[in-house]
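Structure representation (structure tokens):
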């Protein structure tokens, strides 16, 4: 991936993937079932998308809505299948009922990912203590990104947290890149870029006609230009 700011787009299928790449996306997050905020796609869907585009793909590992791991054996099985099919990057993140990172579930999954790079997703925005979560995960292999809005309610409310965390990248637990997503709008970009943030994640913003319609290459291109401005 180049040194320019990263633009990651959610893709549900190969049509989305092709449009996102054409619009200038650097990377895709692959999910299914956005009614549940994004679950693990089938191995066949991953393979079809992998054949359709040549940009990096991060595959969601999540079997049910919410931030509980649920059936960890089933998750491990899906991750193992996806690795065998060629998946090399992933997205995951689970909390205990008390809002602490579910280290048992996370460590079981990353054991089968075998060094693959991965994103800890917006579960961080629901954590009881963001700083403690980062420090507990700091030494896990492959963790290179946090997808976060800075707040459970989205970027509007999370801007102060995002800016504060961006200033701490030399501290233990803060080395992974911040990928800003969750209610992200174009008008947030100048403030975020000025704070030194360099990675952005969009889903609905890439679909002007809603989730029932495919990704729009033109919409992605608008974001590409704004991110690079």
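In the numbering used here, the protein residues as written are -18 to 210.
Where a beta carbon is used, it is the ideal one built from N, C-alpha and C, also for glycine.
None of these values were measured; they are calculated from a predicted model.
Proximity to residue 73 [Cα-Cα], best of 62, 63, 87, 66: Position 92 of the chain shown holds residue 73. Selected option, being the one with the closest Cα: 87.
Cα-Cα separation, residue -18 to residue 21: Along the chain shown, read from residue 1 onward, the residue named residue -18 stands at position 1. Along the chain shown, read from residue 1 onward, the residue named residue 21 stands at position 40. Caution is warranted here: a pLDDT of 42 is assigned to residue -18, below 50, making its placement in the model unreliable, and the coordinate value is therefore given only provisionally. Cα to Cα, residue -18 sits roughly 24 angstroms from residue 21.
Simplified DSSP assignment, three categories, for residue 0: Taking the first residue of the chain shown as position 1, residue 0 is located at position 19. Three-state result, residue 0: helix.
Exposure of residue 79, with buried meaning 16 or more beta-carbon neighbours within 10 Å: Working through the chain shown from its first residue, we reach residue 79 at position 98. So residue 79 counts as exposed.
Short Cβ contact (8 angstroms threshold) for residue 154 with residue 140: On the chain shown, residue 154 is found 173 positions in, with the first residue counted as 1. On the chain shown, residue 140 is found 159 positions in, with the first residue counted as 1. Cβ atoms of residue 154 and residue 140: not closer than 8 angstroms.
Coil, strand or helix - residue 204 by DSSP: For the purposes of this step, residue 204 is identified with residue 223 of the chain shown, where counting begins at 1. The answer is helix: DSSP assigns residue 204 an H, G or I state.
Cα-Cα separation between residue 14 and residue 69, rounded to whole angstroms: Looking up residue 14 in the chain shown gives position 33. Looking up residue 69 in the chain shown gives position 88. Straight across, the Cα-Cα distance linking residue 14 with residue 69 is about 22 angstroms.
Reference residue 67, options 6, 50, 159, 25, closest by Cα: Taking the first residue of the chain shown as 1, we reach residue 67 at position 86. Of 6, 50, 159, 25, the residue nearest in Cα terms is 25.
Where residue 8 falls, given that 16 or more other Cβ within 10 Å makes a residue buried: Start at 1 with the first residue of the chain shown, and residue 8 comes out as number 27. Residue 8 comes out buried.
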